[in-house]
Amino acid sequence: MAHQATLTIDGKVLELPVLEGTEGELAIDIAQLRAKTGLITYDPGYGNTGACRSAITFIDGEKGILRYRGIPIEEFDRPHPDFLEVAALIIFGELPDKAFLKRFSAISTANANLDESMKHHFEGFPENAPPMAQLSAMLNAISCFHPEFFTLTNGVSFEQAAGRVISQIRTVAAYSYRRSKGLPFIYPNPALRYCANFLHMMFSMPYQDYLVEPEIEDALNLIFILHADHEQNCSTSTVRMVGSSQANLFASCASGVCALWGPLHGGANLAVIEMLESIQRGNQKPEDCIALAKDKSSGFRLMGFGHRIYKNYDPRAKILKKCCDRVLKKLGIQDPLLDIARRLEELALKDPYFIEKKLYPNVDFYSGIIMRAIGIPTSMFPVMFSIGRLPGWIAQWKEQQDDPAKRIARPRQIYVGAPLRHYVPLEKRK
Ligand code: CMC
């Protein structure tokens, strides 16, 4: 059935088309609203605004469904495909065949090294520079070395650029960690797969290779897969916003890192661990945390809980919770933070405040505990989120560039400042 919306403004009636997505979701098309009525819409935080049509990721937040290119996220759990395979699916739209995957992996392997002079850029950062600041700066810096990618004129150059940035984000991330520890940089090893190579660059020594445990590689691979895209979240919308001015892929992805940094988004995994550690140190009990989170005046939120879209258990959190139990058991680790997390979840899920507001654990609630167990330092947690999210940023950037309906992103505003007044020269001001 074709849907139609009718809007009445001061007695004037306007018929508005209604768009329908593949899964039946409906949207009122207001593209002509201002031209026909002089009015705009007001939607702080864009909670009701569809900014694009996208064929990449489907989420049903009420039902807790997440699909990449139509495939439910659960189908990537046990056995996990390689992260690069999922990245290729997200970026290019189809599960890659063997030949394509081989080619894409070869691009990644061939481009893992940074230009040698980029190493000096890291030396310019103070040792305690936040890894996210280094990551965004260095991703942007890659574009200085590859102006040929400023305009991606065909599928081949896009494939090359996508493979390069996916590969190099990992090298930049590992180097920023090495820099913060005063350790020598470790070059990528072309014989290793994506995650194993990252762990090698993070933890090997020039005189001793880090032994990559399969459980650790596997858990990291899963974490990256589960973060790979999440439709129009804050960082992805930022990438699209920047890309809408036709800024290049590297610059657009660097802006995504900046957006991801905040504690309400990719920084939440770090904030969760800080919260759990604070409870462990005895600063407050889990019960106090829940009470604080319910008290608006405290400004405190239960980190790793709640989501703009999910009004049900985040499907990624479900998989990560199981992975967390599995990895800790396999590695023989007893992490008291996991007990605290479980207790917080138990308390929250039966508390009327959380039930009424439909606040459930999100992807960040258990991911940090896994990353701690596999030896990733907490300062690197948002960086790990960035590596995982990169395929989504690339895919969304490309989809936007190819969209015939694309326009520079330029929201409007409702001006609430001073009415007309006049300039008073400095000497005449009181
Ligand atoms: N603890 C306590 N109360 C909360 C929480 C929380 N974690 N999250 C939401 N609420 C309350 C909020 O106070 C509000 O109450 P009221 O309606 O009475 O004003 C209501 O629930 C709706 O919250 P909101 O802030 O309007 O929701 P939002 O969609 O704007 O924000 C969110 C979503 C994820 C930023 C928020 O839930 C939050 O701050 N969570 C904690 C940070 C976090 O875990 N972020 C990671 C998100 S998942 C990964 C990612 O995509 O980055």
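Counted from 1, the sequence shown has number 358 at position 374 by the numbering used here; the numbering is strictly sequential.
The beta carbon of each residue, even a glycine, is placed where N, CA and C say it ideally should be.
Asked                                                                                                                                                                                               : Found
According to the neighbour-count rule (16 or more other Cβ atoms, all chains shown, within 10 Å of its Cβ), is residue 37 buried or exposed?                                                        : exposed
List the endpoints of the continuous beta strand (DSSP E) containing residue 4.                                                                                                                     : -4 to 4
For residue 284, name the three-state secondary structure that DSSP assigns.                                                                                                                        : coil
Measuring straight from C-alpha to C-alpha, what distance separates residue 305 and residue 351?                                                                                                    : 8 Å
Any chance the CB of residue 292 is under 6 Å from a heavy atom of ligand 1?                                                                                                                        : yes
Report the three-state DSSP secondary structure of residue 50 (helix, strand or coil).                                                                                                              : strand
Inspect the CB distances between the segment 32 to 49 and the segment 276 to 287 and report whether three or more fall short of 8 Å.                                                                : no
Along the chain, where does the alpha helix (DSSP H) containing residue 343 start, and where does it finish?                                                                                        : Element bounds for residue 343: n/a, residue is neither H nor E.
With a CB to CB cut of under 8 Å and the five nearest residues on each side skipped, what residues in its chain are close to residue 297?                                                           : 48, 344 and 345
Is the segment 371 to 381 touching the segment 236 to 252, taking contact as three or more C-beta pairs under 8 Å?                                                                                  : yes
Can you tell me which of the three DSSP states residue 16 falls into?                                                                                                                               : coil
Mapping the DSSP letters down to three states, classify residue 134 as helix, strand or coil.                                                                                                       : coil
Leaving out the 5 sequence neighbours to the left and right, which residues in its chain are closer than 8 Å to residue 149 when beta-carbon positions are compared?                                : 123, 126, 233, 234, 237, 374 and 378
Taking 6 Å as the cut-off, is the beta-carbon of residue 285 closer than that to any non-hydrogen atom of ligand 1?                                                                                 : yes
By how many angstroms is the C-alpha of residue 213 removed from the C-alpha of residue -4?                                                                                                         : 42 Å
Could you tell me whether the Cβ atoms of residue 220 and residue 34 are closer together than 7 Å?                                                                                                  : no
Does the beta-carbon of residue 141 have 16 or more other beta-carbons within 10 angstroms, so that it is buried, or is it exposed?                                                                 : exposed
Report the residue from 92, 159 and 308 whose alpha carbon sits nearest the alpha carbon of residue 357.                                                                                            : 308
Does the beta-carbon of residue 259 have 16 or more other beta-carbons within 10 angstroms, so that it is buried, or is it exposed?                                                                 : buried
Provide the residue(s) that pair with residue 41 in DSSP beta bridges, ordered along the chain.                                                                                                     : 52
Anyone know if the C-beta pair for residue 287 and residue 115 falls short of 7 Å?                                                                                                                  : no
Just the Cα atoms here: how many angstroms apart are residue 184 and residue 159?                                                                                                                   : 11 Å
Quickly, what does DSSP pair residue -7 with across the bridge? List them, please.                                                                                                                  : -4
Quick one: what's residue 189 bridged to in DSSP?                                                                                                                                                   : 192
Go ahead and pull the three-state DSSP assignment for residue 404.                                                                                                                                  : coil
Return the CA-CA distance between residue 271 and residue 341, expressed in angstroms with no decimal places.                                                                                       : 18 Å
If you draw a straight line from the C-alpha of residue 269 to the C-alpha of residue 323, how long is it?                                                                                          : 12 Å
Among 325, 299 and 311, which has the Cα closest to the Cα of residue 257?                                                                                                                          : 325
Starting from the C-beta of residue 176, find all residues in its chain whose C-beta is less than 6 Å away, skip the five residues before and the five after it, and write them out in chain order. : 184
Which runs of the beta strand (DSSP E) spanning at least 3 residues fall entirely within the segment 53 to 101, listed in chain order?                                                              : none
Measuring only from the beta carbon, is residue 346 closer than 6 Å to any heavy atom that is part of ligand 1?                                                                                     : yes
Which residue's Cα is closest to the Cα of residue 2: 8, -7, 9 and 13?                                                                                                                              : 13
Is residue 357 helix, strand or coil when you go by DSSP?                                                                                                                                           : helix
How about residue 164 and residue 107: do their beta carbons lie closer than 7 Å?                                                                                                                   : no
Which two residues bound the contiguous alpha helix (DSSP H) that contains residue 313?                                                                                                             : 299 to 315
Taking all protein chains shown into account, decide if residue 138 is buried (16 or more other Cβ within 10 angstroms of its Cβ) or exposed.                                                       : exposed
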